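What follows is a set of notes on a single structure, which appears directly below.
Residue numbers (the numbering used here): 199 to 342.
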């Protein structure tokens with residue numbers, strides 16, 4: 199079974215019809231559902247996504263996104279990983295070492311989770327290789 203980590207960009211592109219890759223993301227999500235892939239995200243990513251959708255689309259879109267997430271969780275398609283203080287501390291240790299990178303703390307958490315959970319694919323706008331993870335990606339569009 200494919201295990202896919204969905205980051206904020208993936209969720210936002212799914213919701214935002216003005217996003218350049220919206221249709222492609224919709225098709226990819228449908229394909230992953232048809233393949234019985236398991237999607238993963240974190241409570242930090244969801245928090246970031248609610249804010250992005252609210253500011254880029256509309257408050258109603260963020261509320262609708264929450265409803266869709268609940269359906270995906272209840273249908274066992276999506277698992278939300280709730281980060282522990284220990285995982286946050288480990289990510290902070292990595293964050294401190296990479297002062298030459300312009301990455302968010304949430305992105306460092308993602309790197310760590312890919313390594314910890316051995317997720318083989320990440321669905322999102324960008325993937326950076328740190329920590330020796332073996333993630334592959336469905337990258338769409340230009341890398342930023």
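The C-beta atom is built at its ideal place from N, Cα and C for all residues, glycine as well. These numbers were taken from a predicted model, which means no experiment stands behind them.
Identified DSSP bridge partners for residue i
i: residue 277; result: 238
Of the listed residues the options, nearest to residue i (C-alpha basis)
i: residue 311; options: 267, 239, 258 and 269; result: 239
i: residue 241; options: 225, 204, 297 and 292; result: 204
i: residue 245; options: 271, 273, 308 and 206; result: 206
Cβ-Cβ separation, residue j to residue i (assumed contact under 8 Å), whole Å
i: residue 214; j: residue 254; result: 6 Å
i: residue 304; j: residue 251; result: That pair is no contact at about 15 Å.
Residue i, DSSP secondary structure in three states
i: residue 215; result: coil
i: residue 203; result: strand
i: residue 266; result: helix
i: residue 209; result: helix
i: residue 246; result: helix
i: residue 223; result: helix
i: residue 282; result: coil
i: residue 300; result: coil
i: residue 257; result: helix
i: residue 333; result: Any reading at residue 333 must be qualified, since the residue scores a pLDDT of 38, below 50, and its modelled position is unreliable; the value itself is stated next. Residue 333: coil per DSSP, three-state reduction.
i: residue 229; result: helix
Beta-carbon gap between residue i and residue j smaller than 8 Å
i: residue 236; j: residue 258; result: no
i: residue 306; j: residue 289; result: yes
i: residue 249; j: residue 210; result: no
i: residue 275; j: residue 231; result: yes
i: residue 278; j: residue 271; result: yes
Cβ of residue i within 8 Å of any chain D Cβ
i: residue 305; result: No chain D is part of this structure, which consists of one protein chain only.
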